[in-house]
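Have a look at the structure below, then the notes.
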Amino acid sequence: MASSPNYAPPFSQCFLSPRNQLTLQHQLPIFNDWSPFSLRHYQSFWMPAMFIPACMAIQSHFNPRPSDILLVTSPKSGTTWLKALSFATLHRHSFSFSDHPLLSNTPHQCVPFLESLFSHRTIPDLNVLPSPTIFAAHLPFPLLPQSALSCRIVYLCRDPKDTFVSLWHFFERSRISLSTEDKSEGLDLNKAFQLFSQGMAPGGPFWDRVLGYWKESLRRPEKVLFLRYEEMMEDPVSHLRKLAEFIGCPFSTEEEKNGVVEDIVKLCSFDNLRELKVNKDNKASLEDKRPPPSSFFRKGKVGDWVNYLSMEMAESLDAITKEKLHGSGLSFESSTVLP
Ligand code: PAP
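For the sequence shown, numbering that gives the first Met the number 0 gives the first residue as 0, with consecutive numbering after it.
Below you can see the structure in the form of structure tokens.
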């Protein structure tokens, strides 16, 4: 069979035929309340239906090099920030801060989601990319293929209350910006909260997802770095040092002296990125159902849940979290900011 340098042979295995995708997908339980995206129950997680063929393709074909870096997050846990920090750190010798790719590209353009790379009909040959390359994914740990365990994984999580509030806003924003003639009803915050608490939210259950990476970070700390949004917000500089070391490019004494760490933190700060023209763009892509870049920059605060959840709701979610994480050594209690 003829092979192209761009695609991994054998060619026929590089495609999930649309028919197979549809057949497989349509056998999975569906849930339509999180408009504008349907969710399907795939391997114990509620995944956006539109990404399931890509998940399957990733599971069969993602074969990173040990030098590659995979950023994984639960949706709305600071993915955009982590992408920007990692990209700016890894490529700091290639670009100046005054003419940096992050000034004219969104962090999502600089670091692609595997779910997007594998959403095409052809399977990408990622080995043609420079080594190391940074990829990102929202995949729960049990859904990662064995081959993904060879690369370094950075996992970022966030307090479930803030994650939920951010998620709900993102879906509302997406629904409004992506709706055409179908003016679907939004998901009421209370109903969304109930669903999130039951694990029926995009990428959920939240706790199973966090625990998967938490446990793996304990088992293989040299390969999985577990980060928390709240801790990074509190001390971005020392977390960036940790990240740089983990991804294999620690800051030199000279760089420390010259303030490079602080410069990267500043470049990637919420206030800086949000004000850039490229990130202020309010245009959604209807064709591939992509929300506008601006929807990834809402408030960027720790504890914004107090403005949306009652104390009763917060206590209820905290209690569920405590119970689900019991015995794991992981807790979100210290990240709770009380009003
Ligand atoms: P994704 O998982 O859908 O890719 P993600 O970046 O995790 O998106 O979610 C956006 C959240 O990160 C938003 O949180 P909020 O709704 O509570 O405000 C967004 O504001 C926040 N965020 C984006 N960029 C930054 C940044 N540079 N620093 C801190 N927080 C950020």
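All C-beta atoms in this analysis are idealised placements derived from N, C-alpha and C, irrespective of residue type, glycine included.
Look up Pro28 in the DSSP assignment and give the residues it is bridged to. Partner(s): none; Pro28 has no beta bridge.
Arg218 - DSSP class collapsed to helix/strand/coil: helix
Expected contact under 8 Å - CB spacing of Gln24 and Ile51 to nearest Å: 5 Å
Simplified DSSP state of Ala56, which is helix, strand or coil: helix
Option in Gly211, Leu217, Arg120, Leu266 with minimal Cα separation from Ser85: Leu266
At what residue ranges does the region 122-205 contain a whole run of the alpha helix (DSSP H), taking only runs of 4 or more? 159-177, 188-196
Are the beta-carbon atoms of Tyr307 and Leu188 separated by less than 8 Å? yes
Helix, strand or coil: which one does DSSP assign to Ile68? strand
Terminal residues of the continuous alpha helix (DSSP H) containing Ser232? In the sequence on display, residue 232 carries Met and not Ser. Met232 -> alpha helix (DSSP H) spans 228-233.
Exposed or buried, Met55, counting other C-beta atoms within 10 Å across all chains shown (16 or more means buried)? buried
Rounded to whole angstroms, how far is the Cβ of Phe112 from the Cβ of Ala135, which I believe are closer than 8 Å? 5 Å
Taking the alpha carbon of Trp80 as the reference point, which residue from Gly299, Met46, Ala48 has its own alpha carbon closest? Gly299
contact_flag[the region 112-128, the region 191-205] where n(CB pairs < 8 Å) is 3 or more: no
To the nearest angstrom, report how far apart Asp158 and Glu229 are at their CA atoms. 8 Å
Flag this pair as yes or no: are the beta carbons of Pro290 and Gly211 separated by less than 8 Å? no
What does the Cβ neighbour count give for Ile263, buried or exposed, with the cut at 16 atoms within 10 Å? buried
Buried or exposed, going by whether 16 or more other CB atoms sit within 10 Å of the CB of Asp161? buried
What three-state label does DSSP hand Phe61 in the structure shown? coil
To the nearest whole angstrom, what separates the beta carbons of Val236 and Glu261, a pair I think is in contact under 8 Å? 6 Å
Check whether the Cβ atoms of Ser176 and Leu316 sit closer than 8 Å, and answer yes or no. no
With a cut-off of 8 Å on the beta carbons, I'd call Leu224 and Val153 a contact; round off their distance for me. 5 Å
From the DSSP output, read off the bridge partner residues of Pro47. Leu38
Classify Gly203 as buried or exposed, calling it buried when 16 or more other Cβ atoms lie within 10 Å of its own Cβ. buried
Those residues which DSSP pairs with Val223 across a bridge: Ile152
Please tell me whether, using a cut-off of 7 Å, the distance from the CB of Phe295 to the nearest non-hydrogen atom of ligand 2 is below it. What this structure holds is ligand 1, not ligand 2.
Any idea which residues DSSP pairs Phe112 with across the strands? Ala135
Same chain only: Cβ atoms within 7 Å of Trp213, ignoring 5 sequence neighbours per side: Phe225, Ser327, Leu329
Given this structure, state the Cα-to-Cα distance separating Trp167 from Asn31, to the nearest angstrom. 15 Å
So is the beta-carbon of Ala200 under 7 Å away from any non-hydrogen atom of ligand 1? no
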